[in-house]
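Residue numbers (the UniProt record's numbering): 1 to 393. Using N, Cα and C, we set each Cβ at its ideal position, and we do this for glycine too. All figures in this text were calculated on a predicted structure; none of them were measured in a lab. Input: a single structure, listed below in structure tokens.
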């Protein structure tokens with residue numbers, strides 16, 4: 001059956017199926033944190049890797065198309081847009097968490113780690129007062145370094161940019177330590193760079209030709225089924241001796257990278273992921289990711305019997321979280337994105353650039369354990385927290 005041509009791919013300005021993927025990733029993360037044992041089969045902890053790969057793919061695609069249409073990437077404009085995209089909602093939620101913790105007399109731990117949260121080195125914070133936010137910090141540092149590495153030092157050179165990306169992945173893999181107690185943060189940058197590598201490949205005609213067979217409706221369905229099988233098989237992955245899951249995360253990131261081109265095809269998977277309610281949730285997935293622990297605290301405050309991991313806590317937290325996320329999306333995210341575009345001198349997206357932009361994530365984000373503050377620890381005992389290694393602590 002017909003596949004998507006390179007010209008058609010380059011003409012795409014939005015990838016709605018990717019918003020659907022974000023929605024699923026965000027919801028399974030909430031299930032991981034609050035659903036209890038009945039939802040472990042979803043492996044929601046790995047949803048952050050889906051967010052990471054998506055971020056790398058979308059950001060790099062946007063920059064590649066800007067470079068081609070304008071001759072270069074404006075780093076100033078890029079950084080301004082990222083600042084106004086990521087920080088406003090993040091700071092609003094951080095302030096809300098601190099206010100709630102202060103009212104409950106439990107702000108000490110959050111205050112101890114506040115310098116880390118403000119400097120965006122959250123993964124090294126001394127406690128778990130805002131645990132999910134380490135994923136935002138990972139993406140933030142990626143946004144700071146990647147444009148310099150791939151677009152300031154290497155310009156309009158497919159093979160050199162490929163080489164830089166592959167070498168960066170290899171260097172990060174080499175940094176993954178053998179010691180159990182050392183932070184396992186490099187693997188998460190590997191996931192983002194897998195998405196970047198996919199974007200670089202698809203942007204070139206010969207590279208796109210390698211993945212074009214995946215864009216037929218039949219292949220798209222087969223890839224989607226295969227990806228679901230990989231995802232559902234994660235609980236059966238042989239456990240690592242040190243409890244971390246670097247090899248599993250790496251395989252999953254590659255599986256996501258193979259899935260994304262297939263989601264360009266107008267087949268059944270793409271139609272399902274482009275379903276308007278899913279797209280609606282995906283557009284709010286960043287805020288949902290950030291507020292999920294606040295939503296959980298709200299649910300338990302209103303219905304104390306919901307304390308403890310259960311399906312009802314997961315569902316109620318998702319509903320309350322989406323209501324809060326929608327308010328943040330309308331009143332904070334979108335207005336601040338507009339301010340960022342005005343300050344960057346980019347009121348409109350460049351012609352031919354996709355308008356689906358990544359939500360910093362997720363995520364473990366996004367993909368993720370959204371924010372956990374002191375009050376939540378007091379209401380939900382033994383809550384699993386997703387750590388940068390992907391394990392529970």
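- The distance from the Cβ of residue 202 to that of residue 9 is about 7 Å, consistent with a contact at the 8 Å cut-off.
- Apart from the 5 residues on each side of it in sequence, residue 44 sits with its Cβ closer than 7 Å to the Cβ of 28, 29, 31, 32 in its chain, given in chain order.
- Straight-line spacing of the CA atoms in residue 335 and residue 120 works out to 23 Å.
- Using a Cβ-Cβ distance cut-off of 8 Å, the stretch 64-82 and the stretch 274-287 are not in contact, since fewer than three pairs of beta carbons, one from each stretch, lie closer than that value.
- For residue 275, the three-state secondary structure derived from DSSP is coil.
- Counting only the Cα atoms, residue 103 lies some 14 Å from residue 109.
- In the DSSP assignment, residue 164 falls within the alpha helix (DSSP H) that extends over 158-175.
- With fewer than 16 other Cβ atoms inside 10 Å of its own Cβ, residue 166 counts as exposed.
- In this structure residue 155 is exposed. Its beta-carbon is surrounded by fewer than 16 other beta-carbon atoms within 10 angstroms.
- Distances from the alpha-carbon of residue 55 to those of 88, 41, 25 put 25 closest.
- CA-CA distance, residue 317 to residue 299, rounds to 6 Å.
- With a contact defined as Cβ atoms closer than 8 Å, residue 290 and residue 89 qualify at about 6 Å.
- Comparing alpha carbon positions, the residue from 50, 85, 35 closest to residue 342 is 85.
- Under the three-state reduction of DSSP, residue 34 is assigned to helix.
- Between residue 64 and residue 199, the beta carbon gap of about 6 Å places them in contact (Cβ cut-off 8 Å).
- Look at the beta carbons and you see the stretch 91-101 not touching the stretch 220-240: under three pairs across the two are nearer than 8 Å.
- Contact between the stretch 219-228 and the stretch 264-272 is established, with three or more Cβ pairs separated by less than 8 Å.
- Under the DSSP assignment, residue 115 falls in the alpha helix (DSSP H) whose first and last residues are 108-119.
- Rounded to whole angstroms, the gap between the alpha carbons of residue 174 and residue 80 is 32 Å.
- Taken in chain order, the complete alpha helix (DSSP H) segments of 4 residues or longer contained in the stretch 243-318 are 246-262, 268-273, 276-283, 285-302.
- Taking 8 Å as the upper bound for CB-CB distance, residue 142 and residue 189 are in contact here, some 6 Å apart.
- In this chain, the alpha helix (DSSP H) harbouring residue 60 covers 47-70.
- In the structure shown, the three-state DSSP call for residue 15 is coil.
- Around the C-beta of residue 124, fewer than 16 other C-beta atoms lie within 10 Å, and the residue is accordingly described as exposed.
- Between the C-alpha atoms of residue 146 and residue 303 there is a straight-line separation of about 45 Å.
- In the three-state scheme derived from DSSP, where H, G and I count as helix and E and B as strand, residue 2 is classed as coil.
- Around the beta carbon of residue 340, 16 or more other beta carbons sit within 10 angstroms, so the residue counts as buried.
- By alpha-carbon distance to residue 40, the top candidate from 327, 333, 324, 314 is 314.
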